[in-house]
Amino acid sequence: MLLLRLMACTVMAALGVTMSSVADTLGPKPAYISGGLSTVPNEQAIRRTLWAPGLDDGYVPQGLTSLVDTVLVSGYNSTDPKVNHGPCRVFSVSTKDGVPTGYFDLPPDCGHAGGLVMLGGGLLVVSDTRALYKIDLARALATQHTKDALVSVVKLAGALKGSFVDFDGTDLWIGSSEKEAAKAKAHRLSLGIFDQFNGKAAIREDQALATIPIPTEANGMACDAAGSLWVASSNSKYGALYQLDAKTGDIKSRFDMVIGIEDLGFDADGKLWAVSEAGSRRWSKWSASYPVIFQMDVAALK
């Protein structure tokens, strides 16, 4: 048996494959989790796992974006399956060892914090269902709040919802998580909205530069270097990762994922980071427990 295990490890190492487990998941393990991580679809593509931050305190991981040697993860505080909102916080986590390195609380009117993306220049955008917050990241982390770090707030109305947010290098993308296909849309917006509509009346879909259909129950988005949009969809029963044409919304590819997969973000090496809410205290009764940040090699997806 030992020989077989050694042979399996040798083959996996030769292929560059690492399988996730509690033993090799980096960072402080939540005290309430006693068992191991669930086996998940496309595990062969997962290269690294980190425990999501704030789990013991009741935060439900939602938004994610990648920086150098760091991921930012947002979440809302709720342990009640019937309550889908709460005080929101953004955490900074080292990708080297999984240790949280800082946090800041979002404004009191934030209830979900579904998406995160960096714009460059140290500016972070956080999306909530009906608001976009543009934040000076360094100042927010230094003070642990946004009182003096909030650069702009844009309210959303009509078909515009901030279930998630991403940046393609020129424009902002936001999307709506919907169960009805006809309502599931992503909208491309000019960065100029943060100057033009800061603190003013809510903007609607007529401000969108483009609108495309997206899969239902979408929870996260990331733009790759080639211009494709990657979208994560999930609920308590399934998880899926889609590659979309950014101009049409046509699906180029689809891959099975862990249930509860939320936001996405590519790192500088082209690896895709994601986070799952499955196994958070709010969703501890789900069929899978995988409350981690995980890095994937998209070339290894099947």
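Just so we're aligned, residue 1 is where the sequence shown starts under the UniProt record's numbering, counting upward by one.
Using N, Cα and C, we set each Cβ at its ideal position, and we do this for glycine too.
Residues R188, L189, S190, L191 and L209 of the same chain have their beta carbon placed closer than 8 Å to that of D171, with the five preceding and five following residues left out of the count. With at least 16 other beta carbons inside 10 angstroms of its own, P53 counts as buried. Only buried fits N219, as 16 or more other CB atoms lie within 10 angstroms of its CB.
As a beta-bridge residue in DSSP terms, F294 pairs with T49 and A274.
By the criterion of at least three beta-carbon pairs nearer than 8 Å, the region 246 to 263 is not in contact with the region 82 to 97. S163 places its beta carbon less than 8 Å from that of G115. The criterion of a C-beta distance shorter than 8 Å is not satisfied by V151 and I174. The DSSP assignment places 150 to 155 and 164 to 167 as complete runs of the beta strand (DSSP E) inside the region 134 to 171, in order along the chain (cut-off: 3 residues).
Secondary structure at E205: helix, using DSSP grouped into helix, strand and coil. By the neighbour-count definition (other C-beta atoms within 10 Å, threshold 16), Q295 is a buried residue. Secondary structure of E217 (DSSP, three-state): coil. In the DSSP assignment, S92 forms a beta bridge with L72 and G102. Remark: C-beta atoms of F167 and V117 approach each other more closely than 8 Å.
Its chain contains F104 as the residues whose beta carbon lies nearer than 6 Å to that of Q144, once the 5 sequence neighbours on both sides are disregarded; these appear in chain order. I33 carries a coil assignment under DSSP once its states are collapsed to helix, strand and coil. Look at the beta carbons and you see the region 277 to 284 touching the region 53 to 65: at least three pairs across the two are nearer than 8 Å.
In terms of Cβ geometry, A232 and E262 form a close pair [threshold 8 Å]. As the crow flies, the alpha-carbon of D109 is around 16 Å from that of A149. Look at F255 here: in three-state DSSP terms it is strand.
Separation of the CB atoms of A184 and I203 is rounded to 20 Å, and the pair is thereby denied contact status at 8 Å. In this structure A45 is buried. Its beta-carbon is surrounded by 16 or more other beta-carbon atoms within 10 angstroms. Per DSSP, the continuous alpha helix (DSSP H) segment holding Q196 begins and ends at I193 to Q196.
In terms of CA proximity to A288, L37 leads the group I33, L37, C223 and N198. Distance check between A140 and each of D80, V165 and G102 places G102 closest, using alpha-carbon atoms only. One Cα belongs to P30, the other to K285, and the distance between them is close to 16 Å. L123 is bridged by DSSP to G120 and D136. Residue environment for E277: buried (at least 16 other C-beta atoms within 10 angstroms of its C-beta).
With contacts defined by Cβ atoms closer than 8 Å, R130 and K161 form a contacting pair.
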